[in-house]
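Residue numbers (the numbering used here), protein chains in the order written: chain A, 1 to 324; chain S, 325 to 624; chain D, 625 to 929.
Input: a single structure, listed below in structure tokens.
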């Protein structure tokens, strides 16, 4: 049984200009101990999906889902209190910007201990010991000293490690990482990613990794889901999607990255012409058709999901037509 | 498909920033109400000699303490009644508007000039100039304004212009602080740096680039200070150390009416309410301008 | 924290010295004190006499230094009007005014901070609009007018609180309300704006992601960060309340420093006026210094700046 199952997740946000459909009929699942990467460009709805999962949507947003199961429990009608009890305990999240994610007025130790005490009712001493244990696990040196330090005394990379250990305090089964390395230096990026992979191996946690960087996907993902304009346009095992991308958008993404050793010097990188469509108001058919070289009249109709051996995609085209 | 070049420019580019600003100004209810109210008060003050049925200084001891027309004993000859010396209250209230507006306007201008100059200099030049201005401002802030004003007036003697001068020369602190902060922000803008690169003179940069940018802040502070000056003069006159009788300053009118308060409540209610309405209108104007020029501050 | 405190202290001392000099200057140079003291119809020799008796004929700097010297020894001179030691007079009346200012501030904070928090947690709701409306109207009402209205209410219609004198605690209720209501709106706006900004910040999102309860997030995580500007404003407003108590004390016949100031100013009692102005200035400087230090303790980042 999958750890997390989502079917038909939709998030609508009320704005002055009309209703914004940030997430549209998104379905995916995550098995225990595996990493699912949610890939897409800025504004495609991947962060919103994560917020919907955690119950962190803004008050103007409305979430609906045909099915939302976590650890075998139905959560689509769960109360705010139930979600609040799960957050930080069974599922935890790490955000993109470590510099502003910690409260400047309290020590690292306080902020780490607090989540353990909230969910496990532990004593201050016990919580602090657990904090030190986890900080050492994520590679923070002089962990005991860090307890008494304030966030502004730590570097960005260190703060992100603190965030990760804070997420792991209560031993969650699912870790959601929203672009955890985007705001960090390249060398630190590699370290953090390696850390996540190691943690998964050691602790057996599942990771939902949100990113726009295909390089990150290649290094960490068991399975991939590609999002565009609020929809998942392609998903499957990383190997399948990278080997034979079915959706023109996925192909476009892959061709725009230079691969050392494969891409000939001086060759032109692929670029996808056009811009992302507005998500406000009525939307029908394939959202990518305005930018797709192979679009036809039938693409204006709702597109069904096609499947083939754990590889799903939303496109009417044949593999041959796309490769051409 | 229409050729892009034949489409009217406005459709492509959208309405100009000035048009958008005008639309926002007109759409802000508080702002419009306050503008109408203030214009009314201004007109009333200007036309007081025409509108007032009586001379505000003319005493008539045979007609003392007549209540306003909506009381039992009131009559239509004196719409707002008469005070303890038989002077028509409506006329005195109308003329009182002149005093309050005069005070508010003059003090705002004088203190505004001093404070803005200091603030612009501190914000633009930074360094020692800034430290000096901040030090002077802190010293000024440490002094209890009312007491100093009272003391100076007590020594020199009270009159409308003394009050204006004393308040104007002392009330520049908020101007200085806000203008300094706004100038520091504006200073970092790219086109200020561009102007400096081109070699524009300092004065030209300050007046041409910085000032237009800090203008909204200046207007907001000006309204706050005008309202504050009006209330301060009312308090000074109430204590007897501001405008002197027989001038119909609203604060003075309240002081004179204090002993009759329990039986002739309108004597303090009318000038008090007039003060509140004027200050309310000015504050709403300032709030409205702040909302319209900086809508991203999470305000309703 | 120590070096920060020392630096701030040094600056405070400098400001205090400058203020005392300035106050001295203003009070003595704003007109001919001797003439004013002598009154109308005084002859030239009377004025000269007065000038000599009070030492007003010496250079200002000498007068100032002499005054400072005496002040540091605790000698503020004799009151010209009350004929008693100035320091004793001031010491007598200070507690009353200090209590009034403190109660007024507490009243203002007790009303404004909860309202500001509620308005921030439910922005643009009817609660929010009501709070803002109240703030706007409150700021427009002149405080002596409001004081008189309160007196009318409680002397005539609801005689449950005393409206004059300073015998007991209940005497402070109405004056505190009359003085405090005016400073409540700025605090409410500051609390509201500060909370709105803080509640939108990333670390609050982190707190939510940790599954912390609503009150914990608002009160423990958010409020602390929104308090910094409020503490700074509180110090400034306390200073304003101390100086602005003149009107309220006079209206409610509260026998404090403000009323003393009014009396001494009306009678041109220079030593007392000077002492009060200087004392209030020093208190203000001390308060802002205290606020700076409290803020540095609340927000550790300030200690570095």
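Positions of the beta carbon are idealized from the N, C-alpha and C atoms, including for glycine.
Exercise. Is DSSP giving residue 400 of chain S helix, strand or coil here?
Worked result: The sequence position of residue 400 of chain S within the second chain is 76, counting from 1. Reduced to three states, the DSSP call for residue 400 of chain S is coil.
Problem set entry | beta strand (DSSP E) runs contained entirely in the region 799-826 of chain D, provided each spans 3 or more residues | Qualifying beta strand (DSSP E) stretches: none in this window.
Exercise. Buried or exposed: which applies to residue 385 of chain S, given that a residue is buried once 16 or more other Cβ atoms fall within 10 Å of its Cβ?
Worked result: Locating residue 385 of chain S in the second chain gives position 61, where the first residue counts as 1. It counts as exposed.
Exercise. In chain order, what residues of the same chain have a beta carbon less than 6 Å from the beta carbon of residue 606 of chain S, not counting five sequence neighbours either side?
Worked result: Within the second chain, the letter at position 282 stands for residue 606 of chain S. Correct list, in chain order: 547, 550 and 551.
Exercise. Roughly how many angstroms lie between the CA atoms of residue 643 of chain D and residue 684 of chain D, to the nearest whole one?
Worked result: To locate residue 643 of chain D, count along the third chain from 1; it is residue 19. To locate residue 684 of chain D, count along the third chain from 1; it is residue 60. Taking the straight line from one Cα to the other gives about 15 Å.
Problem set entry | Three-state class that DSSP yields for residue 307 of chain A in the structure shown | The residue labelled residue 307 of chain A in the question sits at position 307 within the first chain. The answer is strand: DSSP assigns residue 307 of chain A an E or B state.
For this session: Would you kindly work out how many angstroms separate the C-alpha atoms of residue 554 of chain S and residue 418 of chain S, rounded to a whole number?
Result: For the purposes of this step, residue 554 of chain S is taken as residue 230 along the second chain, with counting starting at 1. For the purposes of this step, residue 418 of chain S is taken as residue 94 along the second chain, with counting starting at 1. Between residue 554 of chain S and residue 418 of chain S, the C-alpha separation is close to 15 Å.
Exercise. Hey, is the region 843-863 of chain D in contact with the region 909-924 of chain D, meaning 3+ C-beta pairs nearer than 8 Å?
Worked result: Contact holds: three or more Cβ-Cβ distances are below 8 Å.
For this session: Could you name the residues of the region 50-66 of chain A whose beta carbon sits closer than 7 Å to any beta carbon of chain D, in the order they occur along the chain?
Result: 54 and 56
Exercise. Under three-state DSSP, which class holds residue 62 of chain A?
Worked result: The residue given as residue 62 of chain A occupies position 62 in the first chain. Residue state, collapsed to three classes: strand.
Problem set entry | Interface partners of residue 331 of chain A on chain D, CB under 9 Å | Residue 331 of chain A lies beyond the residue range present for chain A, which begins at 1 and ends at 324; the question has no answer from this structure.
Exercise. Does DSSP put residue 731 of chain D in a helix, in a strand, or in coil?
Worked result: Numbered from 1 along the third chain, position 107 holds the residue referred to as residue 731 of chain D. DSSP places residue 731 of chain D in helix when its eight states are reduced to three.
Problem set entry | Short-range partners of chain S found in the region 747-768 of chain D, where Cβ spacing is below 8 Å | 747, 748, 752, 753, 756, 760, 761, 763, 764, 765, 766, 767 and 768
Exercise. Residues of chain S with CB under 8 Å from residue 897 of chain D, in chain order?
Worked result: As a working note, residue 897 of chain D is residue 273 in the third chain. Simply 471 and 475.
For this session: Check residue 342 of chain S in the structure and name its three-state DSSP category.
Result: For the purposes of this step, residue 342 of chain S is taken as the residue at position 18 of the second chain. Three-state DSSP puts residue 342 of chain S in a helix.
Exercise. Between S:408, S:484 and S:447, which lies nearest to residue 429 of chain S when the distance is taken from Cα to Cα?
Worked result: Stepping through the second chain from its first residue, residue 429 of chain S is reached at position 105. The shortest C-alpha separation from residue 429 of chain S is found at S:484.
Problem set entry | For residue 21 of chain A, the three-state DSSP class (helix, strand or coil) | One-based indexing of the first chain puts residue 21 of chain A at position 21. If DSSP states are grouped into helix, strand and coil, residue 21 of chain A belongs with the strands.
For this session: Would you kindly check if the distance between the Cβ of residue 717 of chain D and the Cβ of residue 88 of chain A is under 7 Å?
Result: As a position in the first chain, residue 88 of chain A is number 88, starting the count at 1. As a position in the third chain, residue 717 of chain D is number 93, starting the count at 1. No, they are not a contact pair.
For this session: With 8 Å as the C-beta to C-beta threshold (strictly closer), list the residues of the region 872-898 of chain D near chain S in chain order.
Result: 874, 885, 886, 889, 890, 892 and 897
Problem set entry | CB-CB length for residue 158 of chain A against residue 140 of chain A, believed under 8 Å | Locating residue 158 of chain A in the first chain gives position 158, where the first residue counts as 1. Locating residue 140 of chain A in the first chain gives position 140, where the first residue counts as 1. The Cβ separation is near 6 Å, so the contact holds.
Exercise. Helix, strand or coil: which one does DSSP assign to residue 714 of chain D?
Worked result: The count along the third chain starts at 1 and reaches residue 714 of chain D at position 90. Of the three classes helix, strand and coil, the one that applies to residue 714 of chain D here is helix, per DSSP.
For this session: Return the chain-ordered list of same chain residues with a C-beta closer than 6 Å to the C-beta of residue 544 of chain S, the five sequence neighbours on each side being excluded.
Result: Working through the second chain from its first residue, we reach residue 544 of chain S at position 220. Excluding sequence neighbours, residue 544 of chain S sits near 610, 613 and 614.
Problem set entry | Members of the region 662-692 of chain D near chain A, C-beta cut-off 9 Å | none
For this session: At 9 Å on the CB atoms, spell out the chain D contacts of residue 118 of chain A, in chain order.
Result: Walking along the first chain from the start, residue 118 of chain A turns up at place 118. What residue 118 of chain A touches in chain D: 834, 835, 836, 837 and 840.
Exercise. Residues bridged to residue 313 of chain A by DSSP?
Worked result: As a working mapping, residue 313 of chain A is identified with position 313 in the first chain. DSSP links residue 313 of chain A through a beta bridge to A:234 and A:306.
Exercise. Do the CB positions of residue 200 of chain A and residue 207 of chain A come within less than 7 Å of each other?
Worked result: The count along the first chain starts at 1 and reaches residue 200 of chain A at position 200. The count along the first chain starts at 1 and reaches residue 207 of chain A at position 207. Yes, Cβ-Cβ distance for residue 200 of chain A and residue 207 of chain A is below 7 Å.
Exercise. Can you list, in chain order, the residues of its chain whose CB lies under 6 Å from that of residue 416 of chain S, leaving out five sequence neighbours each side?
Worked result: Reading the second chain from its first residue, position 92 is the one you call residue 416 of chain S. Taken in chain order, the residues that qualify are 380 and 572.
Problem set entry | Chain-order list of residues whose beta-carbon lies under 6 Å from that of residue 876 of chain D (same chain, five-residue window excluded) | As a first step, residue 876 of chain D must be located in the third chain, where it is residue number 252. Cβ within range, chain order: 788 and 799.
Exercise. Can you check whether the CB of residue 24 of chain A is closer than 7 Å to the CB of residue 231 of chain A?
Worked result: By 1-based counting over the first chain, the position of residue 231 of chain A is 231. By 1-based counting over the first chain, the position of residue 24 of chain A is 24. Result yes, Cβ atoms of residue 231 of chain A and residue 24 of chain A sit closer than 7 Å.
Problem set entry | Beta carbon of residue 11 of chain A nearer than 7 Å to that of residue 52 of chain A | Working through the first chain from its first residue, we reach residue 11 of chain A at position 11. Working through the first chain from its first residue, we reach residue 52 of chain A at position 52. Yes. Within cutoff.
Exercise. Along chain D, which residues have their Cβ under 8 Å away from the Cβ of residue 608 of chain S?
Worked result: Sequence index remark: in the second chain, residue 608 of chain S carries index 284 (1-based). Per Cβ cutoff of 8 Å: 760.
For this session: Look up residue 67 of chain A in the DSSP assignment and give the residues it is bridged to.
Result: Start at 1 with the first residue of the first chain, and residue 67 of chain A comes out as number 67. In the DSSP output, where bridge partners are listed per residue, residue 67 of chain A has A:7.
Exercise. Does the beta carbon of residue 849 of chain D come closer than 7 Å to any beta carbon on chain A?
Worked result: Position 225 of the third chain holds residue 849 of chain D. By this cut-off, residue 849 of chain D is an interface position.
Exercise. Distance, Cα to Cα, residue 828 of chain D vs residue 525 of chain S?
Worked result: Residue 828 of chain D sits at position 204 when you count from the first residue of the third chain. Residue 525 of chain S sits at position 201 when you count from the first residue of the second chain. Looking at the two C-alpha atoms, the distance is approximately 47 Å.
Exercise. For residue 468 of chain S versus residue 646 of chain D, is the C-beta distance shorter than 7 Å?
Worked result: In the second chain, residue 468 of chain S corresponds to position 144, counting from 1. In the third chain, residue 646 of chain D corresponds to position 22, counting from 1. No, these two residues do not count as a Cβ contact at 7 Å.
For this session: Express the C-alpha separation of residue 68 of chain A and residue 822 of chain D in angstroms, rounding to a whole number.
Result: Here the question's residue 822 of chain D lines up with position 198 in the third chain. Here the question's residue 68 of chain A lines up with position 68 in the first chain. Taking the straight line joining both Cα atoms gives about 32 Å.
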